[in-house]
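Protein chains in written order, with our numbering: chain G, 1 to 869; chain P, 1001 to 1145.
Every residue, glycine too, gets a C-beta built ideally from N, C-alpha and C.
First comes the structure, then the notes that go with it.
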Amino acid sequence: MKKLVDNPLTTSALQELANSPSLQELLDLEKISELLEQFYLATGLANAILDLHGNILFGIGWKSICTEFHRKNSISAARCLRSDTFLANKLLQKEKYAVYTCENGMVDAATPIIIADIHIANLFIGQFFFETPQQDFFRKQAAELGFKQEEYLTALADCKVYSKENIFHYLDFFSSLTSMLGESALKTIQQRATLKALQQQKQELQAQQKRMSEVYLANEKALLEQKERLRFIFESTEMGEWSMNLKTHATMRSLIHDKIFGYNVFSEEWSYEIFLEHVVPEDKVYVEESFGMALKNIANWNFECRIIRPDKRIRWIWSCGKHQFDESGKAINIAGIVMDITERKLIEEAINQAKRYNRNLLETSLDPLVTISKDGVITDINAATEQAIGLPRTSIIGTDFSSYFVSPAKAEAGYKLVFKYGSIVDYELDLKNVNGTTMPVLYNAAVYKDEKGEIIGVFAAARNITNTRKFENELLFLKNNLELLVAQRTSELRNTQLLLKSSLESPKDMIILSIDKNYNYYYFNQAHHDAMKYAYNKDVKIDMNLLEAITSDEDRINAKINYDLALDGKSHSTIQKYGDVAVSYYETFYNPVINDQHEIVGATAFARDVSDRILQEEKIAELNSQLEYRVLERTSQLESANKELEAFSYSVSHDLKAPLRHISGYVSMLERKYLELLPDEGRRYLDNIASSAKTMGNLIDGLLQFSRNGRVPMNQKLLNINALVNELIWPIKEQDTEQRIRWSVANLPACYGDYEMIKSVWSNLLENAVKFSRKKPLSQITIGAEEKEKELLYYVKDNGAGFDMNYVSKLFEVFQRLHTQEDYEGTGIGLATIRRIITRHGGKTWAVGAVGKGATFYFSLGKRRESEL
Amino acid sequence: MMKMRTILYAEDSLLDVEMTTEVLKESNILNPIINVKDGVEALEYLRCEGQFKNRTPGNPGMILLDLKMPRMDGLEFLAIVKQDKNFKHIPIVMLTSSREEKDLIMSYDLGLNAYVVKPIDFQDFATVVKQLGVFWAIINELPEV
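Below, the structure written as structure tokens:
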């Protein structure tokens, strides 16, 4: 077993703590043991807590390789000791962790347990490996040390491999948890110390009380002694004699009498009045009253008073006189004795002072004190008792003592114990206050005896322990709290384990596994187990080799390639077919496992059976190819439709126009050759035929143009609109010899577009403007543009016939006309063509107008850069 | 007086033929006009085959060609004639109702000399035919075959 070297750095404080038997209390070993046991069960890691002297406070899970082999052989045991020393020293050098591969080849790790900044113990975990142990090394060692090789290697196999990161997490967790528990415990100890100090104080107080009561008893005894002495004095002191005539007050007396009054020789005369002159003024009334009473009742005249001697000294005297009667029974004289009692008075005064002192002592005590007679009646109390009970002492003295406690029976029992044993110590009772509150007290009581040694009562002192009780409660609370905390931490740890386990297990279809560098399983979940069973009919176990578990050569090669990549540090994913008895597609993510030294120690794989998805994808691919086929079909249908349309346009332009031409041609030939043969009406008919043919020809041309604009590919360039518009206006100006049209042309920004098409747009707009304004005396045509953020806006405005805005929607439709052919000839295709062209350019067309007030036609084109074309 | 060049006129519409002939006559273009109904007949004429087996040998001074004809249309005919070293110098004017872009381009690609869209208005038509006749049948010089 481990034994640590003595700590060279130990300070006295540390030593005290570490040496203290309370270390075990400090580390709530029962709780910590439970935690460490849990920890051992969860991780299989051997662990121990050792104090700084190497004493094992707790240890569990020590592997047989150490207990049965290394520690038993003298050579290897010596190595153990050196290793232990190394670890402990390393921790004493304030290392957070110490990790060490011992001379016997085992890895041990330790972390200090520090409580209140004092290194108090060490937590060891050991007998594990960071990497798979080299069998050869241990075989050699077995041979060297004379171990039975097979047994030794079996013991070795029991020692598991852990990542350093995990080990450090474990160490961190336990050292901080233990420190936390220790610090809570330290608080407990500190509180215990406080309590101990408190108890010490209490004991001191009790001792003081005891001393006080002893003083009290001693004083009582002294009083009794004094009384005895008095008797002796009385007996031995000289007595004066006197006899007074009741009529004359003349008094006969002895010399001793006069000496008492301060006269060493007989004074000449003595009488009651002379006597009164000697009495101190304060006592005169009392003396005369007592004299009067004695005369009246014919009783003894017994009194004490102070007198002033001629030398001014004051003395106490006591005198007692008795009536003397004549034969007839009439009192004639009072005769008596007188004694100087000054000494006795002084002693009495001293005793009273001692009594007052005792009383003050008792009264100033903060603890309730009480004396109780043999029959349980309170005979005396102090102010603290008055306060504790809440009644004046006059109401308390003479009452039954037990009635002032919450439990009178318990009070009685305690009282009886005092009689039985002479005293009781720390007897717990609760005092009742009349205001309803209670006060927890500890009673210390003893019997007191008279001079004959007979018990005459009980003297009891109570100690208010409300604060102590409070401390105890707090202590109890802290203790419970600590237990709760430990329970909580334990359950948290358990929950974490459960959570981890369940999170790895809960996704039933998520396969999770990890292997070491030799493809040996480190972990796998149920899903992986099931998948291996399904694919290869293999029941994999944690100590198996993953590659060996794969029964298909091809799969094994694939798996090796993938895991080797991960073991080489490359995270990657694959979708591959795996399986021998049953084949599935798996999507797998491979990742390296890296320890905190940035070394790759293994690989993990997360996999999912994606067979369904692959099948879906195949189905989708099939559907896609079908879709492509359909698209092709549809395209070819469209293409043929286009061809048909082209053929239609072709025949329209060729076949339909031919008959028109023929009509026109023959009408024309008829006019030339046979006009004179026709009446006027016939000639008009021919004109109409010719005009209709011409109109129809125009319509066909327009229609063809319109259809061509929708079909021919666009060739967009940057167009100089100023030039284009001027080019179109020029021939119109040429024809306008009368200069009937006023042109107002603003600068027109360049735009992108197909030259022919945009030209056709402008041409149509200008023709319309001219056409619809020709009935005005002067045509005003304004051409302008606005450059906006994202588009260019062009417009052509005229002052012509305009149109009704109610029909604006019809303006741009094919063959729609808002004016009669008679007023304004046209095909009704121009604006439709414009809209078609501008729409193809991504722009918009609209118009604003009013009947008789002209119209404005707008079109917009998006601004574009060369690169967007 | 030099010999008048023959005009070979391939046109399936007899009305067009009559109109054209009338116009040429009115315009005093008195060149002989040989009318054929389609490309096949036009080729027969050029090659002196079929009904033209016995005609006087020699190439026409120009060919007026309609685009759309039965059996062999104008473009097919054009392709054959312009590939034939015996006939490729004969100026051919396409006279058609169609102004389809692709027809135009195709025609010139095949080596056409002029493409004229027949105006619907007779007067315009007459003007065009007259000008064509004057230019191609009279003014234009041709190499001797």
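- For His572/G, the uninterrupted beta strand (DSSP E) run begins and ends at His572 to Tyr578, by DSSP.
- Bounds of any alpha helix (DSSP H) do not take in Phe459/G; it lies within the beta strand (DSSP E) bounded by Ile455 to Asn464.
- In summary, the residues of the segment 651 to 678 of chain G whose CB is separated from some CB of chain P by less than 8 Å are Ser653, His654, Asp655, Lys657, Ala658, Leu660, Arg661, His662, Ser664, Gly665, Tyr666, Val667, Ser668 and Met669, in the order they occur in the chain.
- The beta carbon of Ala647/G does not come within 8 Å of any beta carbon belonging to chain P, so the residue lies off that interface.
- Inter-residue distance for Pro1060/P and His662/G is about 27 Å (C-alpha atoms, whole angstroms).
- Note on geometry: alpha-carbon atoms of Arg393/G and Ser365/G lie some 15 Å from one another.
- At a beta-carbon threshold of 8 Å, the residues of chain G lying near Ile1120/P are Lys657, Leu660, Arg661, Ser664, Ala693, Lys694 and Gly697, ordered along the chain.
- Under a criterion of Cβ atoms nearer than 9 Å, the residues of chain G adjacent to Glu1101/P are, in order, Arg708 and Val712.
- Chain-ordered, the chain G residues with CB closer than 7 Å to the CB of Gln1123/P read Ser668.
- Burial check for Lys797/G: the Cβ neighbour count within 10 Å reaches 16 or more, so the residue is buried.
- Annotation for Met1019/P: the continuous alpha helix (DSSP H) segment containing it runs Leu1014 to Glu1026.
- The alpha carbon of Met696/G has as its nearest neighbour, out of Val370/G, Pro749/G, Glu220/G and Glu825/G, the alpha carbon of Glu825/G.
- The Cβ of Glu1011/P sits no closer than 8 Å to any Cβ of chain G.
- Secondary structure note for Glu151/G: its alpha helix (DSSP H) is the uninterrupted segment Gln149 to Ala157.
- A distance below 7 Å between beta-carbons, with the five flanking residues on each side excluded, links His529/G to the following residues of its chain, in chain order: Val540.
- The beta-carbon of Ser1107/P is placed no less than 8 Å from the nearest beta-carbon of chain G.
- Residue range Pro281 to Asn297 is occupied by the alpha helix (DSSP H) that includes Lys284/G.
- In its chain, beyond the 5 residues on either side, Ala446 have a beta carbon closer than 6 Å to the beta carbon of Ser423/G.
- Contacts with chain G at 8 Å (Cβ-Cβ) do not include Ser1027/P.
- Contact between the segment 275 to 285 of chain G and the segment 320 to 328 of chain G is absent: fewer than three C-beta pairs spanning the two stretches fall below 8 Å.
- For Pro408/G, the enclosing alpha helix (DSSP H) has its first and last residue at Pro408 to Tyr421.
- A contact is defined here as three or more CB-CB pairs under 8 Å, and the segment 1124 to 1137 of chain P meets this definition with respect to the segment 1019 to 1032 of chain P.
- By the Cβ-count criterion, Pro368/G is buried, with 16 or more other Cβ atoms from all chains shown falling within 10 Å of its own Cβ.
- For the set Lys619/G, Tyr585/G, Ser571/G and Lys577/G, the Cα lying nearest the Cα of Gly602/G is the one of Ser571/G.
- Burial state of Asn435/G is exposed, judged by a 10 Å Cβ sphere holding fewer than 16 other Cβ atoms.
- By the rule that beta-carbons nearer than 8 Å mark a contact, Glu1022/P touches chain G.
- Interface annotation, Met1069/P: not in contact with chain G, CB-CB separation never under 8 Å.
- Going by C-alpha positions, Leu255/G is about 11 Å away from Glu238/G.
- The beta carbon of Met1019/P sits closer than 8 Å to some beta carbon of chain G.
- The continuous beta strand (DSSP E) containing Tyr448/G extends over residues Thr438 to Lys449.
- If you ignore the 5 residues before and after Lys479/G, its C-beta comes within less than 6 Å of no other C-beta in its own chain.
- Residue contact check for Leu1065/P against chain G: no CB pair falls below 8 Å.
- Take Tyr519/G, set aside five residues on each side of it, and the residues of its chain with a beta-carbon closer than 7 Å to its own are Asn545, Leu546, Leu547 and Tyr563, in chain order.
- If you draw a straight line from the Cα of His70/G to the Cα of Arg82/G, it is about 12 Å long.
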